[in-house]
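Heads up, the thing below is written out as structure tokens.
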Amino acid sequence: MTALLHFLNPAKTFKHGIHPSEYKDFTKDLPIERMPFVDEYVLPLSQHLGAPSKPIVKAGDKVFRGQPVAEASGFVSVPLHASVTGTIKGIELRHHPTGKMVESIVIERDPFSPQTLYNEKQLDWEHLSPPELVQFIQSGGFVGLGGAAFPTHVKLTPPKGKTAKFFIVNAAECEPFLTTDHRLMLEQTDSIYLGIRVCMKILGAEKTYIGVETNKPDAISRLQATVPSDLNCEVVPVQTKYPQGAEKMLITAVLNREVPSGKLPIDAEVVVNNVGTMAGIGDLVRFNQPLIERVVTVTGPGIHRPANLTVPIGTKLSDLLAYCGGITDDTRQILFGGPMMGAPQVFLDVPVMKGTSGVVCLTEELIRPRHEYACIHCSRCVEACPVFLNPSRLGQLARVKRYEEMINYHLMDCVECGSCSYVCPSNIPLVQRFRVAKGMIREKQARKQ
Amino acid sequence: MITAIGFISGLSVALAIVLVIANSKLKVYEDPRIEVVADYLPGANCGACGLAGCRAFAESVVEGAVKPSQCPVGGAETATYIATYLGIDAGEAERKVARLLCAGGADVAYQVGTYEGYSSCRAAAVVTGGSKACTYGCLGLGDCFDACTFDAIRMSDTGLPIVDVAKCTACGDCVRACPKDLFELYPVSRCLVVQCKSQLEGDQALAQCQVACTACGRCVADAPEGLLTMENNIPVLNMLKMELQTPIATYRCPTQAIVWIEGQQMPELWAKTDFAKPKQEHVH
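Going down the list, the protein sequences come from chains L and P.
Just so we're aligned, residue 15 is where the first sequence starts under our numbering, counting upward by one.
Just so we're aligned, residue -6 is where the second sequence starts under our numbering, counting upward by one.
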């Protein structure tokens, strides 16, 4: 009977959601390659959620690859490390992927350096206590590599009185086009499991689940075949559906628990981390390598040579595109991150940041017509919304700027996944309006205080 | 029939007595002057005074908690009326107007891309911020135009909002609407205005916009001592020394980023804008 049920319903999932075309064939079979070092790297001081880092170097200083160049300025903040051996060119205003000018440390590479790690050694992590390990992860500059770039050590420090019974590794990678996590799971399985071990020790978690979408069968079987026998870890295939990789959706799919409105996953006794972060922590323990490089998928119909690349943090977009053979003439849009939640880029000198999971170059045919029609109340958005909101109603309130009322319709629970905008046959920019509304509400609340 | 009439009349008399008693027992005394003061006020309920609306402002004025002149919309005239009626001091407040701290219209600011998304400055600012090379400048999608309840803002052909000084009441709605913080409320007597917020200097700034402040410092050197100081590559006026202001500071500016404004800002663009035409609904 169980076998039959399993056959009928093979993969767990959440309710609602959408099925965008995947476009993962561009890069899913390409092994991760290392991009050669370029001449200049730009490290914005604000690469993560929370307070920006404070620089501890000045122009003209020599730095080694992996040496700290900026320190954390508070608990919800992380330090920055030089991603190459070279000289600090200056601390100046440079373009940031969010479209602002941000203070950035600019490093000029030393062309004759062998680019070995600053202080390479294997860490004796098993003898460290959990608080020491958390400290270690913070000083390694770790943030969530899935895209939001939330400092990892904050997630691994549950508030007093709360425990994390389960640890979920987010390997769903539900964004179309991106294959960084997919390739990591196939190629760096050892580092991932080492990272999971460290995190489980810190949290004292009972069990770890790795949630992988079923469109990556090779990754699922590879992970399942290599689970260490002494690790209480289960690989959970989850349905290929967007936004399966959203934290709260993954918890619902894997544990059938729901995170209460306005609360964090820790209130459901869960901590979720990205699989890329696990591989990074594994490398931190193995080689004492801080977060100085990450895997980026450069893909899309607009790029001549799609690739999965290991690039140093701070590599400029122009260098990245040049290494991948440049963009085609009909490229219309370049996105940092996936097409659903990624940010379009205006400038080609923006650097790859810690949270940049991919560079997607889109051509004309993949960009939707932007003409907006009236809402026809078809309720497709209601059926798509993974957090059970009513985007149609919210959209109408946002259109007439009745932001206060939107709070009563639980706007603040919106995860900004963009499913509503994707399915809307009238092309109403729903999620864009919600992001504006949320910003206005937050500003108003800040003014009141 | 007669019973019915008698019963209804009796009931109405009894209820009338109850109402009369309730009216005298439960009466809440309200200062009649509040009503009069509220009538004097513009009734826009814009909240520019910092209170919940015109009624709340009238109550506070009668209580003596605020001065009549603190209503920026009503202006000096209304303040004098109220002050005379109440027999109090009107208080001193100079009329303010909203000034746009960006002159980078589509004709002088370089474009690096096209923005085709949701037509709102806020929405553009959430995703990488519009199409201009300058990341500090006006996005030109008209959030301030939508926010203005006094019909004092119109979008010019070059994509810059033009404020009509005669209509502007300094309510501050545009200040809050702009995601780039480009509007500021300046007293009308302040004539020296820096129409740029770019924190870049020299060629870096010029590469983005022809009228950007290059932080050359000539205005600071030419102005009377202590009037202007350079902060974050932008000249900042010391409001305490405002009586020292002089157009000399603008003469050597290579990009006309610092200007001398008497009355209307950007007069050429303002002259081209027809404020008499009714405001069109801006469709998002």
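For glycine and all other residues, C-beta sits at the position ideal for the given N, C-alpha and C.
Just so it is clear, the structure is predicted and the values come from calculations on it, not from any experiment.
Compare the C-alpha of residue i against each of the options and name the closest.
i        : options                                : result
P/Gly66  : P/Glu52, P/Thr77, P/Leu178, P/Lys18    : Per the sequence shown, the amino acid found at residue 66 of chain P is Val instead of Gly. Of the candidates P/Glu52, P/Thr77, P/Leu178, P/Lys18, the one whose C-alpha sits nearest the C-alpha of P/Val66 is P/Leu178.
P/Gly98  : P/Ile155, P/Met235, P/Ala83            : P/Ile155
L/Pro50  : L/Thr203, L/Leu335, L/Ile70            : L/Leu335
L/Ser433 : L/Asp53, L/Pro125, L/Pro443            : L/Pro443
L/Gly104 : L/Glu397, L/Glu117, L/Val92            : L/Glu117
L/His196 : L/Pro405, L/Ser371, L/Ser332           : L/Ser371
L/Gly74  : L/Asp124, L/Gly453, L/Ala412, L/Pro172 : L/Asp124
L/Val374 : L/Met355, L/Lys368, L/Glu54, L/His385  : L/Met355
L/Arg48  : L/Gly113, L/Arg407, L/Thr324           : L/Thr324
P/Lys265 : P/Ala126, P/Thr151, P/Gly46            : P/Thr151
P/Phe268 : P/Thr239, P/Ala205, P/Cys161           : P/Cys161
L/Ile280 : L/Gly314, L/Thr377, L/Thr27, L/Pro173  : L/Pro173
P/Tyr244 : P/Glu56, P/Asp215, P/Leu220, P/Thr107  : P/Asp215
L/Leu362 : P/Ser17, P/Val105, P/Arg48             : P/Val105
Count the other C-beta atoms from every protein chain shown that fall within 10 angstroms of the C-beta of residue i, then say buried if there are 16 or more, exposed otherwise.
i        : result
L/Tyr256 : buried
P/Tyr22  : exposed
P/Asn225 : exposed
L/Tyr387 : exposed
L/Pro242 : exposed
L/Tyr207 : buried
P/Ser2   : exposed
L/Ile265 : buried
L/Cys392 : exposed
L/Thr311 : buried
P/Gln201 : buried
L/Asn322 : buried
L/Arg40  : In the sequence on display, residue 40 of chain L carries Phe and not Arg. So L/Phe40 counts as buried.
L/Ile390 : exposed
P/Thr128 : buried
P/Ser5   : exposed
L/His318 : exposed
L/Ser67  : buried
L/Met263 : buried
L/His141 : exposed
P/Pro260 : exposed
L/Ala412 : buried
P/Met232 : exposed
Excluding five sequence neighbours on each side, which residues of the same chain lie with their C-beta closer than 8 Å to the C-beta of residue i?
i        : result
P/Tyr78  : Arg26, Val29, Val30, Tyr33
L/Gln463 : none
L/Glu220 : Lys179, Phe180, Asn246
L/Arg461 : none
L/Ile381 : Arg346, Gln347
P/Thr71  : Tyr33, Leu34, Pro35, Pro61, Cys64
P/Glu255 : Cys184
P/His277 : Per-residue confidence for P/His277 stands at a pLDDT of 44, beneath the threshold of 50, marking its modelled position as unreliable; no derived number is given.
Excluding the five sequence neighbours on either side, which residues of its own chain have a C-beta within less than 7 Å of the C-beta of residue i, listed in chain order?
i        : result
P/Ala76  : Pro61, Asp82, Ala83
L/Arg236 : Met199, Leu200, Thr203
P/Leu175 : Leu93, Leu94, Cys95, Cys131, Lys190
L/Gly154 : Leu298, Pro304, Leu305
L/Gln81  : His95, Ala96, Tyr132
P/Glu194 : Thr207, Ala208, Asn226
L/Val445 : Glu430, Gly432, Cys434, Ser435
Once you ignore the five residues that flank residue i on each side, which residues in its own chain have a CB closer than 6 Å to its CB?
i        : result
L/Tyr436 : Ile32
L/Val168 : Val90
L/Pro365 : Val56, Gly328, Lys330
L/Pro144 : Ile216
L/Gly161 : Gly351, Gly369, Ser371
L/Lys230 : His196
Would you say residue i touches the ligand FMN, meaning its beta carbon is less than 8 Å from a heavy atom?
i        : result
P/Gly152 : Absence of the ligand FMN is noted for the structure shown, with no ligands found whatsoever.
According to DSSP, residue i sits in a beta bridge with which residue or residues?
i        : result
P/Trp253 : P/Leu185
L/Asn184 : L/Gly225, L/Asn288
For the segment 187 to 221 of chain P, list every residue whose C-beta sits within 9 Å of some C-beta in chain L, in sequence order. Legend: CB atoms of the segment 187 to 221 of chain P lying less than 9 Å from CB atoms of chain L belong to residues Ser191, Gln192, Leu193, Gln197.
Cβ-based contacts, 8 Å cut-off: residues of the segment 103 to 126 of chain L near chain P: Taking 8 Å as the Cβ-Cβ cut-off against chain P, the residues of the segment 103 to 126 of chain L that qualify are Leu107, His109, Pro111, Thr112, Gly113, Lys114, Met115.
Residues, ordered as in the chain, of the segment 85 to 115 of chain P that lie near chain L by beta-carbon distance below 8 Å: Against chain L - using a Cβ distance shorter than 8 Å - the residues of the segment 85 to 115 of chain P are Val105, Gly106, Glu109, Gly110, Tyr111, Ser113, Arg115.
Below 8 Å between beta carbons is the criterion; list the residues of the segment 344 to 371 of chain L that meet it against any residue of chain P, in chain order. Residues of the segment 344 to 371 of chain L with a C-beta atom less than 8 Å from some C-beta of chain P are Ala357, Pro358, Gln359, Val360, Phe361, listed in chain order.
Name the residues in the segment 127 to 145 of chain P whose C-beta lies less than 7 Å from a C-beta of chain L; which are they? Against chain L - using a Cβ distance shorter than 7 Å - the residues of the segment 127 to 145 of chain P are Thr128.
Got a sec: which bits of the segment 386 to 416 of chain L sit with their beta carbon under 7 Å from any beta carbon on chain P, in order along the chain? So the list reads Arg413, given in the order they occur along the chain.
Which residues, taken in chain order from the segment 440 to 459 of chain L, show a beta carbon closer than 8 Å to some beta carbon of chain P? Within the segment 440 to 459 of chain L, the qualifying residues are Pro443, Gln446, Arg447, Arg449, Val450, Gly453, Met454, Glu457.
Contacting positions in the segment 229 to 248 of chain L - beta carbon closer than 8 Å to chain P: For the segment 229 to 248 of chain L, no residue has a beta-carbon sitting nearer than 8 Å to a beta-carbon of chain P.
Using a Cβ-Cβ cutoff of 9 Å, what residues of the segment 182 to 213 of chain L are near chain P? List them in chain order. Hits within the stretch: zero.
Pull out every residue of the segment 154 to 179 of chain P whose Cβ sits closer than 7 Å to any Cβ of chain L, in chain order. Listed by position, the residues of the segment 154 to 179 of chain P near chain L (Cβ gap below 7 Å) amount to none.
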